[in-house]
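In our numbering, the protein residues as written are 1 to 283. One structure is given here, and the rest of the page talks about it.
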Amino acid sequence: MANIIDGKLISTEIKDEVKAKADELKAKGIEPCLAVVLVGEDPASQVYVRNKKRACEYCGIKSLSYELKEDTTEEELLALIDKLNADKDCNGILVQLPLPKHIDENKILLRILPEKDVDGFHPYNVGLLSIGNADLKACTPAGCIELIKRSGVDITGKRCVVVGRSNIVGKPVGMLLLSENGTVTTCHSRTKDIAEVCRQAEILVAAVGIPKFIKGDMVSEGVTVIDVGINRLENGKLCGDVDFEEVSEKAAYITPVPGGVGPMTIAMLMNNCVIACKKQNNI
Ligand code: NDP
């Protein structure tokens, strides 16, 4: 039976470290600050935003909250981004996605100054990530790496397989694993004989969006499995992209869903806020 990687515990550890760094900054008269922007009334987004504000409170990071009406125009949102970009006291800007259909998400994300892009989605930061030089790394992928490392698993030289190649998870996870000296293979919907590729993995990251996609016969004994998937089943329960019952029989380490990668995203966001604040203050 595998060791279960406790994402809740590790994310709390990280938030405590962030809090200590935020306290150090405050002792120097600098208060890290995150602006959280929500457009519309999507219930899931409201929950995410609430959780982010709560995490700020826990870590001692000031949060500025902007809750805009659904019919906010693109120009109005861009004007708010410009204002926050110019605000020296605001270190990070987070625009909760998805945005209403009449707003071009890419245009909004491109407008955020890269040094305030705490989500790590700006192409400038994605570029830095790909050359192994990013300060602000995409939060969920960075969280996956922390889970692996803090479980005591050395990535160097390991055969790493990432299932999924999205811009927000699969690709950046692959790039980060490569930066950690893993030997990385990325699979996607056109990959041939995916089970055989997955069986080669010593570290397997699943970011597919299909419940229980990774079965027991797709992994080898002793593998470390990071399940990024969050799928809502018909019975209302959450389920990952990995068949936990089957795969945990063979894995050495595995993340559960919920309680694995999920809590890490916000912890890494908090970490990015402090990194952004330090950088902007030349610390
Ligand atoms: P996307 O839908 O953007 O990407 C899914 C990827 O999986 C694509 O690259 C796709 O390939 C690949 N794929 C789909 N079907 C297959 C298949 N049959 N065989 C092999 N590959 C396949 O999803 P995301 O990357 O945004 O998210 C993935 C999962 O992670 C979701 O469950 C999402 O909810 C969760 N998630 C969790 C987060 C967290 O905080 N824990 C944050 C973000 C996402 P192709 O490119 O060829 O289409």
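We put the beta carbon where it would ideally sit given N, CA and C, even for glycine. Nothing here was measured: the structure is a model prediction, and the numbers come from that model.
Give me the DSSP bridge partner(s) of Glu67.
Your numbering for residue 67 matches position 67 in the sequence shown. Looking at the DSSP assignment, Glu67 forms a beta bridge with Leu38.
Using beta-carbon positions only, say whether Cys56 and Leu34 come within less than 8 Å of one another.
Your numbering for residue 56 matches position 56 in the sequence shown. Your numbering for residue 34 matches position 34 in the sequence shown. Yes, they are a contact pair.
So what does Arg159 bridge to, in DSSP terms?
Working through the sequence shown from its first residue, we reach residue 159 at position 159. Its beta-bridge partners are Thr183.
Given a threshold of 16 other Cβ atoms within 10 Å of its Cβ, counted over all protein chains shown, does Ile203 qualify as buried or as exposed?
In the sequence shown, the residue the question calls residue 203 occupies position 203. When all chains shown are included, Ile203 counts as buried.
I'd like to confirm the pairing. Which residues does DSSP put opposite Leu238 in its beta bridges?
Taking the first residue of the sequence shown as position 1, residue 238 is located at position 238. Leu238 is bridged to Arg232.
Which one or two residues does DSSP pair with Ile226 in a beta bridge?
Locating residue 226 in the sequence shown gives position 226, where the first residue counts as 1. Ile226 is bridged to Val205.
Please indicate yes or no: does the CB of Ile168 lie closer than 7 Å to some heavy atom of the ligand NDP?
Against the sequence shown, residue 168 aligns to sequence position 168. It does: the Cβ of Ile168 is within 7 Å (strictly closer) of some heavy atom of the ligand NDP.
Lys21 versus Thr255 - alpha carbon distance:
Looking up residue 21 in the sequence shown gives position 21. Looking up residue 255 in the sequence shown gives position 255. In a straight line, the C-alpha of Lys21 is about 27 Å away from that of Thr255.
DSSP three-state label for Asn133, please.
By one-based count along the sequence shown, residue 133 stands at place 133. Here Asn133 sits in coil by DSSP.
Whose C-beta lies closer than 7 Å to the C-beta of Glu41 among residues of the same chain, with five residues either side of it excluded?
Within the sequence shown, numbered from 1, the residue matching residue 41 stands at position 41. The answer, listed in chain order, is Glu70.
Please list, in chain order, all residues of the same chain as Glu246 whose beta carbon is under 7 Å from its beta carbon, the five residues on each side excluded.
Start at 1 with the first residue of the sequence shown, and residue 246 comes out as number 246. Within the same chain, Glu246 has close Cβ partners Lys215 and Gly216.
By the 10 Å Cβ neighbour count, where 16 or more other Cβ atoms means buried, how is Thr73 classified, buried or exposed?
The residue labelled residue 73 in the question sits at position 73 within the sequence shown. When all chains shown are included, Thr73 counts as exposed.
Take the Cβ of Leu77 as the centre, count every other Cβ of all protein chains shown within 10 Å, and call the residue buried at 16 or more, exposed below.
Position 77 of the sequence shown, counted from the start, is the residue given in the question as residue 77. Buried is the call here.
In the structure shown, what three-state DSSP assignment does Lys192 receive?
Here residue 192 refers to the residue found at position 192 of the sequence shown. Three-state result, Lys192: coil.
Where do the N-terminal and C-terminal ends of the beta strand (DSSP E) with Val95 fall, by residue?
Reading the sequence shown from its first residue, position 95 is the one you call residue 95. Note, Val95: beta strand (DSSP E), Gly92 to Val95.
Distance check for Asn235 and Asn133, CA to CA, integer angstroms please.
Numbered from 1 along the sequence shown, position 133 holds the residue referred to as residue 133. Numbered from 1 along the sequence shown, position 235 holds the residue referred to as residue 235. Computed Cα separation, rounded: 43 Å.
What does Glu3 pair with, by DSSP beta-bridge criteria?
Locating residue 3 in the sequence shown gives position 3, where the first residue counts as 1. Contrary to the premise, residue 3 reads as Asn rather than Glu in this sequence. Beta-bridge pairing links Asn3 to Tyr253.
Considering only heavy atoms of the ligand NDP, does any lie closer than 7 Å to the CB of Asn231?
Position 231 of the sequence shown, counted from the start, is the residue given in the question as residue 231. Yes, since a heavy atom of the ligand NDP falls inside the 7 Å radius drawn around the Cβ of Asn231.
Do Gly170 and Ala138 count as a contact pair if the criterion is CB distance below 8 Å?
Taking the sequence shown and counting its residues from 1, one reaches residue 138 at position 138. Taking the sequence shown and counting its residues from 1, one reaches residue 170 at position 170. Not in contact: Ala138 and Gly170 (Cβ atoms no closer than 8 Å).
Rounded to the nearest angstrom, what separates Leu136 and Leu110 at their Cα positions?
The residue given as residue 136 occupies position 136 in the sequence shown. The residue given as residue 110 occupies position 110 in the sequence shown. Between Leu136 and Leu110, the C-alpha separation is close to 15 Å.
Just the C-alpha distance for Lys26 and Arg54, rounded to the nearest angstrom, thanks.
For this step, residue 26 is matched to residue 26 along the sequence shown. For this step, residue 54 is matched to residue 54 along the sequence shown. Distance between the alpha carbons of Lys26 and Arg54 is about 19 Å.
From Asp16 to Cys59, what does the alpha carbon distance come to, in whole angstroms?
For this step, residue 16 is matched to residue 16 along the sequence shown. For this step, residue 59 is matched to residue 59 along the sequence shown. So the two alpha carbons sit approximately 7 Å from each other.
For the ligand NDP, I want to know if Cys273 counts as a neighbour, meaning its beta carbon is within less than 7 Å of at least one of the ligand's heavy atoms.
In the sequence shown, counting from the first residue as 1, residue 273 sits at position 273. Result no, Cβ not under 7 Å from the ligand NDP.
Could you tell me if His102 is buried or exposed, where buried requires 16 or more neighbouring beta carbons within 10 angstroms of its beta carbon?
On the sequence shown, position 102 is the one that residue 102 refers to. With fewer than 16 other Cβ atoms within 10 Å, it is exposed.
Candidates Asp6, Lys19 and Met1: which alpha carbon is nearest Val257's?
The residue given as residue 257 occupies position 257 in the sequence shown. Considering only alpha carbons, the answer is Asp6.
Through-space distance from Ile108 to Asn85, alpha-carbon basis
The count along the sequence shown starts at 1 and reaches residue 85 at position 85. The count along the sequence shown starts at 1 and reaches residue 108 at position 108. Using only the alpha carbons, I get a separation of about 12 Å.
Checking 8 Å against the spacing of the C-beta atoms, do Val161 and Ala201 come in under that value?
As a position in the sequence shown, residue 161 is number 161, starting the count at 1. As a position in the sequence shown, residue 201 is number 201, starting the count at 1. Yes, they are a contact pair.
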